[in-house]
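Participant:
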Amino acid sequence: MEFTLLQSRGRHLAVHLLRLACACTCAGSIAPAIASGGRWDLLQRSIGVSAMHMQLLHNDRVIIFDRTNFDRSNLSLPGGRCRVNPRDQALPNGDCTAHSVEYHVTSNSFRPLFLFTDTWCSSGTVAPDGTLVQTGGWRDGYNNTRTMPACTGHNSCEPATGRSTRTHSPPAGGTPPTRSSPTAGHEGSHAEPPLSVRTTHLNIDGNLFIFANNRAILLDCKTNTVVRTYPVLAGGDPRNYPSSGSSVLLPLKPNPTEAEVLVCGGAPKGSYHSSTSRRRPVTRAFVPALTTCGRIKITDAAPAWVVETMPSPRVMGDVILLPNGAEVAIINGATHGTAGWDGAKTPAFAPVIYRPGHTAGDRFEQQNASGIPRMYHSSVVLLRDGRLLVGGSNPHLCYNFSNVAFPTDLSLEAFSPDYLDASNDMLRPRIRHPSPAGAAARVAYGKKKKLKFSVPASARRRRGGLGEVSVTMVAPSFTTHSFAMNQRLLFIDVTKVAAVRHRHRVGTYHVSVRMPATAVLAPPGYYMVFVVNELVPGEGIWVHIQ
440 MEFTLLQSRG
450 RHLAVHLLRL
460 ACACTCAGSI
470 APAIASGGRW
480 DLLQRSIGVS
490 AMHMQLLHND
500 RVIIFDRTNF
510 DRSNLSLPGG
520 RCRVNPRDQA
530 LPNGDCTAHS
540 VEYHVTSNSF
550 RPLFLFTDTW
560 CSSGTVAPDG
570 TLVQTGGWRD
580 GYNNTRTMPA
590 CTGHNSCEPA
600 TGRSTRTHSP
610 PAGGTPPTRS
620 SPTAGHEGSH
630 AEPPLSVRTT
640 HLNIDGNLFI
650 FANNRAILLD
660 CKTNTVVRTY
670 PVLAGGDPRN
680 YPSSGSSVLL
690 PLKPNPTEAE
700 VLVCGGAPKG
710 SYHSSTSRRR
720 PVTRAFVPAL
730 TTCGRIKITD
740 AAPAWVVETM
750 PSPRVMGDVI
760 LLPNGAEVAI
770 INGATHGTAG
780 WDGAKTPAFA
790 PVIYRPGHTA
800 GDRFEQQNAS
810 GIPRMYHSSV
820 VLLRDGRLLV
830 GGSNPHLCYN
840 FSNVAFPTDL
850 SLEAFSPDYL
860 DASNDMLRPR
870 IRHPSPAGAA
880 ARVAYGKKKK
890 LKFSVPASAR
900 RRRGGLGEVS
910 VTMVAPSFTT
920 HSFAMNQRLL
930 FIDVTKVAAV
940 RHRHRVGTYH
950 VSVRMPATAV
960 LAPPGYYMVF
970 VVNELVPGEG
980 IWVHIQ
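In terms of this note's numbering, the sequence shown is residues 440 to 985.
1. For residue 818 and residue 541, I'd like the C-alpha separation in whole angstroms.
2. Closest to residue 696 by C-alpha separation, out of 552, 766, 643, would be which residue?
3. Could you give the distance in angstroms between the alpha-carbon of residue 677 and the alpha-carbon of residue 683?
4. Please give me, in chain order, every unbroken run of the beta strand (DSSP E) with length at least 3 that falls completely inside the region 860-912.
5. Determine the closest residue to residue 816 out of 927, 554, 583, 755, with distance taken between C-alpha atoms.
6. Does the structure place the region 565-584 close enough to the region 544-552 that three or more beta carbon pairs sit under 8 Å?
7. Would you call the CB atoms of residue 740 and residue 773 closer than 9 Å?
8. Go through its chain and collect everything with a Cβ distance to residue 875's Cβ below 6 Å, but skip five positions before and after it.
9. Is it buried or exposed for residue 892, if we count other Cβ within 10 angstroms and need 16 for buried?
10. Can you tell me which of the three DSSP states residue 630 falls into?
11. Mark residue 840 as exposed unless 16 or more other C-beta atoms lie within 10 angstroms of its C-beta, in which case mark it buried.
12. Are residue 962 and residue 927 close, meaning C-beta to C-beta below 9 Å?
13. So, residue 782 versus residue 714, is the Cβ gap smaller than 9 Å?
14. Use the C-beta contact count for residue 523: other C-beta atoms within 10 angstroms, 16 or more gives buried, fewer gives exposed.
15. By a C-beta neighbour count over all protein chains shown, 10 Å radius and 16 as the cutoff for buried, is residue 919 buried or exposed?
16. Compare the beta carbon distance of residue 701 and residue 734 with 9 Å and say whether it is the shorter of the two.
17. If we ignore side chains and look at the alpha-carbon of each, how far apart do residue 483 and residue 738 end up?
18. If you measure between the beta carbons of residue 982 and residue 888, is that distance less than 9 Å?
19. If we ignore side chains and look at the alpha-carbon of each, how far apart do residue 838 and residue 531 end up?
20. Out of 672, 681, 675, 649, which has the shortest C-alpha to C-alpha gap to residue 405?
21. Determine the direct distance from the alpha carbon of residue 845 to that of residue 511, and round the result to whole angstroms.
22. At which residues does the beta strand (DSSP E) containing residue 948 begin and terminate?
23. Please classify residue 818: does DSSP put it in a helix, a strand, or coil?
24. When the Cα of residue 867 is compared with those of 852, 850, 879, 907, which residue comes out closest?
25. Decide if residue 823 is buried, meaning its Cβ has at least 16 other Cβ atoms within 10 Å, or exposed.
26. For residue 975, collect the residues of the same chain with a Cβ closer than 8 Å to its Cβ; drop the 5 residues on either side in sequence, then sort them by chain order.
27. Take residue 813 as the anchor and find which of 831, 800, 804 has the nearest alpha-carbon.
28. From the DSSP output, read off the bridge partner residues of residue 749.
29. Taking only the alpha-carbon atoms, compute the straight-line gap between residue 984 and residue 969 and give it to the nearest angstrom.
30. Give a yes or no on whether the C-beta atoms belonging to residue 565 and residue 925 are separated by under 9 Å.
31. For the alpha helix (DSSP H) holding residue 712, just list the boundary residues, first then last.
32. Look up residue 668 in the DSSP assignment and give the residues it is bridged to.
33. What does the alpha-carbon distance come out to for the pair residue 856 and residue 758?
34. Taking its Cβ as the centre, do 16 or more other Cβ atoms sit within 10 Å of residue 579, making it buried, or is it exposed?
35. Could you tell me which of 966, 536, 496 sits nearest to residue 544, measuring between CA atoms?
36. Hey, out of 931, 828, 795, whose CA is closest to residue 852's CA?
In structure tokens, the structure reads:
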């Protein structure tokens, strides 16, 4: 299988039970870590490539990329197939290894994908029809656009190659992909330019909030006009590559009139020059990363940054919205140094949960730590079952597994937040219709949709019925280089919750929701929809809005 090349959301009351399970199968399941504050599971010791970029598709497969320009990977292409690209930087005479895989979430299995040109530092999105559109890269991949449909059978999507073109076509109705500016410097460069590797969020008015290092603007992308210039984030330290922080548009309420952006982590000015591998070891200094997050209502008439302090410093962290709409995970990265080749030390093993609805000073909670460093070139995506799939880390020019502080990592882990603990199962809703195992439900802007779900008998007895029910809608992100592109979470307007009146369906309910009104609020395409009971989400379903 290959890509069509077109060139060009209170805390939980749960107290975790100590559990020890050992299940080791050919698919790679490993015993989970033991502790509260979330659980880690090692899913695969090696998928053969390091997960630099990841995208979940609506078939519950995750497409994972590394690069082609660093040498052979640890995963062979099937059938003796090889890639011969005379323009390849490392292996112009041929490469018989894969640099991309398709990971099947349900079976915890993977298979190689054929990738022809380099995807280093590239971007991506999912088009409204579900096709992965993956753009750019380095050198021979710079002007390329690659596409791949969401396939059904395990061996579907036979190889196909599209015609060559040197133009880019943004996905219709989607959020424009974010990528490096051609003039802003690239990985490994000495520059710390003021507008390097920008992060972009689609505002509720249709304009783009663009943040770079410590400054932000609101851009009308139709007229290419700056609508607003925001205040400088306090401190003035850079928060984009190589001082890589992360940012996110916080969850949107039904029919929103406000939108907020959260920017977390980064590194002080000059950190890259202090830690760069080009300096002699005796003169290298790994500066502590930033401990702050900035939060701003980008829709206010007089917007101002509010600065909060995380439990520990973090650079190269990923900020990921969780499906209950009340919590945000800050995960991966390091506490000292910057992005770039061997530019960081002291891994940030422990994720942090941030709760936007809590009062200032009570928003952060440190979680259980992973045992695997996730440094430069690591990534993470939200899965439909509520876990976070985490992979990658390769702070080296090539694959390097020995005599280095942080070897190239080819593993995949899953982080399960507290809401997935078994002690919360008594509250967990289960969507019955549409079926989570079925095809994506078709929904329309501004129209009502009815979901049928159930809750366990133990929850009904304890509560005398349901708790507070909400419904969220989450766009799957393309995550790479400490930023989850196209990430978006909306609370859907709940118009009615009613019990199903049937003696054989006690504990079953209907929830009626009204979908977002416009494509500006929810760009067309595939979303995960979750029913949430007392802040505990159940497994989501896929919906398609257009």
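Built from N, CA and C at the ideal position, the CB exists for glycine as well.
Just so we're clear, the structure is a prediction, and the values are computed from it rather than from any experiment.
Facilitator: Walking through what the data contain:
1. 15 Å
2. 643
3. 8 Å
4. DSSP runs (the beta strand (DSSP E)) wholly in the region 860-912: 869-872, 880-882, 887-893.
5. 755
6. no
7. no
8. 978, 980
9. buried
10. Only weak support exists for where residue 630 lies, its pLDDT of 36 falling under 50; the value from the coordinates is given anyway. The answer is coil: DSSP assigns residue 630 none of H, G, I, E or B.
11. By the neighbour-count rule (16 or more Cβ atoms within 10 Å), residue 840 is not buried but exposed.
12. Inclusion of residue 962 and residue 927 in the CB contact set at 9 Å is warranted, their separation being smaller than that value.
13. yes
14. exposed
15. buried
16. yes
17. 43 Å
18. yes
19. For the pair residue 838 and residue 531, the Cα-to-Cα distance works out to about 18 Å.
20. Missing from the structure shown is residue 405; the chain here goes from 440 to 985 and no further.
21. Straight-line Cα distance between these residues: approximately 19 Å.
22. 947-953
23. Residue 818 falls in the strand class under three-state DSSP.
24. 907
25. Buried is the call here.
26. 451, 763, 858, 863, 866, 867, 868
27. That would be 831, whose Cα lies nearest to the Cα of residue 813.
28. Assignment of beta-bridge partners to residue 749 by DSSP yields no partner.
29. 15 Å
30. yes
31. 710-714
32. 656
33. If I take the Cα positions, the gap works out to 14 Å.
34. Buried, by the Cβ-count rule.
35. Measuring from the Cα of residue 544, the nearest candidate turns out to be 496.
36. 828
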